[in-house]
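Only one structure is covered here, and it is reproduced in the block below.
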Amino acid sequence: MIAKKLLLLFLQNRRRLLKYNQAQPNSILIRPLGNAIGDAVVHTAHLQQLKSAFPNTKIGVIVTEQNKIIFEHSHLVDEYIHRNIISYIRNYKKWDWLLDFENNFNSASLFMDRILTPNIIIIFRKKYKKYYNLETVKSYDIHYEQKDHTPLSHYLSYSPLAKQFSLPAPYSVLYPSDFSRKKVKVYWEVNKLKILLCPQGSKRQIPENELAELLTSAINSKYITQVELMISYTNTADDYYRNLVALCPQFKIIRSPKTSLSEYLALIESADIVLAVDGGSLHLACALKKPLLSFFANSQPNLSVWTPLVHSGTPHINIINHSSCNSNDTTNFPLEKAIDWLHKEIEEQLDKKSLLN
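The following block contains the structure:
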């Protein structure tokens, strides 16, 4: 408590502006919402907007080892700032804008801001905390407030910056390396419709019996030999795989080997269709423009904040379970629309591949 009060005294007392009224910035630094893969993927949409509006502006991102790889595959970042005091000192007063996407004030980031001392600090959604809140923290210039249900991907679009600088619509972008593409190519059989199953995330899972029901109902028996199913790697994928195979032994289901994150991007790109529970894989599939069948708990604001950012023209359906107050409760899905969507998507893709009997 005492340390937090002392830090507040150490911070700058900045002016409060309703909007940015100066010329285009020469440099923009982004502080992501968090370190998760999904966070980073969605932030590539913000990077795309900024690069489009300010092609000659230096764009930087504050990163950790966990999320840096995602940003590297966006090909949109000019400079990376690692979360350590040496990096902060080296970047003292070197940035025009700091766009702070974190959803609360915290000691580490407030200290970072004091060392970096950017020209303008812009914040978005900030949750109330006892010691750090919008009343006690004065070290920002502009607050572009966001509603609880606003998608993270649209924070810039729903700010005055969008109109002022003609920001384009947001969409995530990722480019797997040719090396990784070549490596994952051998994971699949040739001349098969490749369906990547991502039913497990770090906190969520589609029940094996529900996924088995979906696959059994959606994949016509006459197409079984033309379809290959792969379970994405997780620490518990072996148990999930055994349970799923026992429930639908008629399908050829294989397990993905453990891959690097760079290789996993290429693996998702190599699939023809992706099925994914709410999590990082889902957002990777969006960025890679893959036909996507996604599954979410009916829990706000998570459902709205993390709504899939699907490219225009990319096939997608989002299946939401029956009422749930827990965003991690990904069970009890109504499967009728999912079955119909997957069945039609398989037929259309087999037809395009000339594999339809």
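Numbering (the UniProt record's numbering), first residue to last: 1 to 357. Virtual Cβ for every residue (Gly too), placed ideally from N, Cα, C. On a predicted model such as this, the values are computed, not experimentally measured, just so you know.
Three-state secondary structure assigned by DSSP to residue i
i           : result
Phe296      : strand
Lys130      : coil
His322      : strand
His316      : strand
Leu47       : helix
Ala276      : strand
Leu29       : strand
Gly60       : strand
Gly38       : helix
Phe71       : helix
Leu309      : coil
Tyr290      : In the sequence as displayed, the identity of residue 290 is Lys instead of Tyr. Coil at Lys290, not helix or strand.
Asn302      : helix
residue 358 : Because the chain is modelled from 1 through 357, residue 358 falls outside the range shown and cannot be assessed.
Asp340      : helix
His354      : Note that residue 354 is Ser in the sequence shown here, rather than His. Here Ser354 sits in coil by DSSP.
Ala53       : helix
Gln349      : helix
Ser281      : helix
Span separating the alpha-carbon of residue i from that of residue j
i           : j      : result
Lys58       : Gly38  : 24 Å
Tyr88       : Leu116 : 5 Å
Leu229      : Tyr158 : 39 Å
Ser52       : Glu269 : 24 Å
Val184      : Ser74  : 20 Å
Lys126      : Glu145 : 8 Å
Leu76       : Leu47  : 6 Å
Gln66       : Asp340 : 37 Å
Lys353      : Arg181 : 20 Å
Glu208      : Asn235 : 16 Å
residue 358 : His343 : The structure shown does not extend to residue 358, since the chain spans only 1 to 357, so no value can be given for it.
Ser349      : Asn318 : It should be pointed out that residue 349 corresponds to Gln in this sequence rather than to Ser. Distance between the alpha carbons of Gln349 and Asn318: 19 Å.
Ile320      : Trp95  : 42 Å
Ala285      : Phe71  : 15 Å
His43       : Asp329 : 25 Å
Pro301      : Tyr128 : 16 Å
Asn220      : Ala45  : 37 Å
Arg83       : Pro118 : 16 Å
Ile121      : Cys248 : 54 Å
Asn191      : Arg204 : 32 Å
Trp97       : Leu29  : 6 Å
Buried versus exposed, by CB contacts within 10 Å (16 or more), residue i
i      : result
Cys198 : buried
Ile224 : exposed
Asp178 : exposed
Met112 : buried
Asp351 : exposed
Ser172 : buried
Tyr80  : exposed
Ser299 : buried
Arg16  : exposed
Glu135 : exposed
Arg106 : One detail in the question is off: residue 106 reads as Asn in this sequence, not Arg. With fewer than 16 other Cβ atoms within 10 Å, it is exposed.
CB contact check: residue i to chain D, cutoff 8 Å
i     : result
Leu29 : Absent from the structure is chain D; it holds one protein chain and no more.
> Which runs of the alpha helix (DSSP H) spanning at least 4 residues fall entirely within the region 73-150, listed in chain order?
Replying inline: 85-90, 107-116
>> Between the region 273-282 and the region 241-260, can you find at least three pairs of beta-carbon atoms closer than 8 Å?
In response: no
>> What ranges does the beta strand (DSSP E) occupy inside the region 149-219, keeping only unbroken runs of at least 3 residues that lie completely in it?
In response: 193-198
> What beta strand (DSSP E) runs, 3 residues minimum, are completely inside the region 215-277?
Replying inline: 227-231, 253-255, 273-277
> Are there three or more Cβ pairs, one per stretch, closer than 8 Å when the region 290-297 is compared with the region 160-167?
Replying inline: no
>> Assess contact between the region 136-156 and the region 299-314, defined as three or more Cβ pairs (one per stretch) separated by less than 8 Å. Is contact present?
In response: yes
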